[in-house]
């Protein structure tokens, strides 16, 4: 079969099993868009801004586990996609981004809409390719998907010059079934000797804790993690990216750890004698001040990426490998072992943890006449029966979802953890809803974040993706304001917008339903009404308490045992409990 | 401590910038870097001299290994190896100092490869420290320019860095 480059690209994506491609046309990709027009297998989702395309593809990838695919034009199309590419890179999300490029003969001449996409994206992709030969196009696409989805996943850019896609140049097409790259062989199974050592250490622990992260979600190892945790009977904490990998409503779960983690999770980390880190990377938002991190613990670390091991925290037993097979190997050894976890020590340890839990660090003022954002999230959890896919933007609202929406399943909590990209939530929700049209999809956002990609409301209408936008409107960039309150004597420098749009009218202008909620008693009925409108996107503009802060908190330069807690009355004065 | 990292990588455009970009993005230091194709035209051999604590060198080798274009690498400092660097120095000469410079070049096993009435060019190879020593031994005012290739190296014995 002889095809043009543009046809090869489209056919390769179909043969790869791609369902949706998120994109925006432009000069350098016109041949490609013409090829897209002449087929109906591959569905194209036209966004309103290329950043939206990358986040939508990213949301799709996070929810399904399949790679997200993006198509943008050269120059500004490509640069607009960069934030979304970096977002996916930081959270190890498999994506393939196809960017148009000016024709090969004019590359380097500062041609119209030319930008060095390979150079620009190099630091924020797992790999990138410039296609210089149309006969290598199909193979390059196969390689891109292979690299993006194996090992530690990540985004891969394919830069395609316009002349490569020219309709008049046709070459034989065959999509390779398999591809191998001699310089790329990710490790899958763990080293047996290391696994044995790890199991011995784990079973001799007096105060153990399981600390698991996004790698468990990416590695589809949730079931293994659950069995592993239940077999051992040890407490487990999840990172922001790992939420849902272990059911949050189960009793061994002690909450998220880190900067806005629970008191009990952080105290247990600090006092533990053995930590097993599973698919987590000791991010600075997790560790707090490194010198104070887990001073008594021996650390086991399972990670598919050798470079994640001992990058910031020196570990005692590293295991390089995919989380799933490694956990299986460990479980077998644990079951075979004569040694069992020390029951008495474990009971004492759990007593200590229950004591910390009794502090009820996530309590908030339930009698306030103002709408407390935490209350909204709790109600969202109840109304959706804990079953929704929840995307978020970045800031206070993101932390409140992490704290007050207990996720019981992996891939349901969709947020930008590593890069912290405002504007992520709405397009990501569109991507999720396309993948799971029958499921509830909520985008929890704030009045500042939502404005960063609000144009995608238009996309949501065009493709009929009825999502529910929960806008926690506090008329501030809440997290910035909180830091300014704590660290800059409440000098609220530019964290307040004088002119916030009327979101209800804005939602209506985009063809959706808008609702404004100003009283606590209106929250529940509004949420129920919104989710009852199964065929409409609903924008709930919820006017929340402006002064509410995210607690508990590890402030900069502090350790896990030095959390700042809210006082029981829930007023804005707080005390240090160290 | 100084480390010589020898890298076998795909001979593709952009491969060099991936390595250089990695070092600048992560704040690692490069003292020198040389690169050229090998006897297998699909592969390039890069030699990179860097320094840092054991932890940093470990991160550097792990991060380099993560680059898709990197096929294999070895930290030569971990085993017996031979290090060589090429230098050419252009020296201003006078009737009074020509003999002295010539004998100095001989002591360091350098060769005079270009002569004019007022200059010599001396070619010299050796470990980087030897070249440093030669420069230090010459009157700095007499040096017009010095060009160095950066160190390259190879391990001793039967072991080698190949596919």
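Chains as they are written, first to last, in our numbering: chain H, 1 to 578; chain C, 1 to 163. Just so you know, even glycine gets a beta-carbon here, dropped at the ideal spot from N, CA and C.
When burial is assigned at 16 or more other CB atoms within 10 Å of the CB, is residue 276 of chain H buried or exposed? buried
*Output yes or no for whether 8 Å exceeds the beta carbon distance between residue 10 of chain C and residue 183 of chain H.*
yes
Nonlocal neighbours in the same chain, by C-beta distance under 6 Å from residue 577 of chain H, ignoring five residues either side: Any answer about residue 577 of chain H is weak, because its pLDDT of 34 lies below 50 and its placement is not dependable; what the coordinates show is given next. Excluding sequence neighbours, residue 577 of chain H sits near 565.
(Q) Is the separation between the beta-carbon of residue 539 of chain H and that of residue 503 of chain H shorter than 8 Å? (A) yes
Span separating the alpha-carbon of residue 7 of chain C from that of residue 95 of chain C
46 Å
Residue 89 of chain C - DSSP class collapsed to helix/strand/coil: strand
Would you tell me roughly how many angstroms separate the C-alpha atoms of residue 143 of chain C and residue 92 of chain C, rounded to the nearest one?
-> 6 Å
- Could you check where the beta strand (DSSP E) with residue 540 of chain H kicks off and where it finishes? 538-543
Requested in this report: Hey, could you find the ends of the alpha helix (DSSP H) residue 107 of chain C is sitting in?
Outcome: 98-107
- [ ] Enumerate in chain order the residues of its own chain whose CB-to-CB distance from residue 420 of chain H is below 7 Å, with the five nearest sequence positions on each side excluded.
- [x] 394
Exercise for the section: Please list the segments of the alpha helix (DSSP H) lying wholly inside the segment 310-378 of chain H, counting only runs of 4 or more residues, in order along the chain. Expected result: 323-336, 343-357
Where the segment 127-152 of chain H meets chain C: residues whose CB sits under 7 Å from a CB there | 127, 147
Measure how close the beta-carbons of residue 544 of chain H and residue 464 of chain H come, nearest whole angstrom, since I'm counting them as under 8 Å. That belief does not hold up - the Cβ atoms of residue 544 of chain H and residue 464 of chain H are roughly 29 Å apart, past 8 Å.
Practice problem: Determine, using beta carbons only, whether residue 62 of chain C comes closer than 8 Å to chain H. | Solution: yes
> Distance, Cα to Cα, residue 41 of chain H vs residue 95 of chain H?
Replying inline: 20 Å
Review point. For a contact meaning CB atoms closer than 8 Å, what does residue 17 of chain C contact in chain H?
Key: 119, 122
Once you ignore the five residues that flank residue 53 of chain H on each side, which residues in its own chain have a CB closer than 8 Å to its CB? 22, 23, 24, 45, 47, 70, 71, 72, 81, 84, 427
Q.
Less than 7 Å between C-beta atoms, sequence neighbours within five positions excluded: which residues of the same chain meet that for residue 152 of chain H?
A. 92, 304, 305
Note the first and the last residue of the continuous alpha helix (DSSP H) segment covering residue 197 of chain H.
192-203
Notebook entry, point to check: Given a threshold of 16 other Cβ atoms within 10 Å of its Cβ, counted over all protein chains shown, does residue 10 of chain H qualify as buried or as exposed?
Noted result: buried
**Asked** Thinking just about the alpha-carbon of each residue, which of C/34, C/79, C/86, C/45 is nearest to the one in residue 71 of chain C?
**Response** C/45
**Q.** Nonlocal neighbours in the same chain, by C-beta distance under 6 Å from residue 68 of chain H, ignoring five residues either side
**A.** 57, 58, 60, 61, 95
| query | What does residue 579 of chain H reach in chain C if we use C-beta pairs closer than 8 Å? | reply | The structure shown does not extend to residue 579 of chain H, since chain H is modelled only from 1 through 578, so no value can be given for it.
Contact the segment 429-436 of chain H vs the segment 501-516 of chain H: 3+ CB pairs below 8 Å:
no
Hey, quick one: how far does the alpha helix (DSSP H) through residue 487 of chain H stretch, first residue to last? 478-487
Would DSSP call residue 22 of chain H helix, strand or coil?
-> strand
Buried or exposed, going by whether 16 or more other CB atoms sit within 10 Å of the CB of residue 162 of chain C?
exposed
Handout entry: Coil, strand or helix - residue 11 of chain C by DSSP
Key = coil
Exercise for the section: Output yes if chain C places a C-beta closer than 8 Å to the C-beta of residue 306 of chain H; else output no. Expected result: yes
message: Quick check on the burial criterion: 16 or more other C-beta atoms within 10 angstroms. Buried or exposed for residue 225 of chain H?
response: buried
On the three-state DSSP scale, how would you describe residue 278 of chain H?
-> strand
**Prompt:** At a CB-CB cut-off below 8 Å, which residues of chain C make contact with residue 181 of chain H?
**Reply:** 68
Query raised in the report: With 8 Å set as the bound, which would you pick, yes or no: does the beta-carbon of residue 21 of chain C sit closer than that to a beta-carbon of chain H?
Result: yes
What is the DSSP secondary structure of residue 112 of chain H, counted as helix, strand or coil? coil
Span separating the alpha-carbon of residue 15 of chain H from that of residue 309 of chain H:
36 Å
Distance between residue 397 of chain H and residue 568 of chain H (C-alpha atoms, nearest Å) | Per-residue confidence for residue 568 of chain H stands at a pLDDT of 49, beneath the threshold of 50, marking its modelled position as unreliable; no derived number is given.
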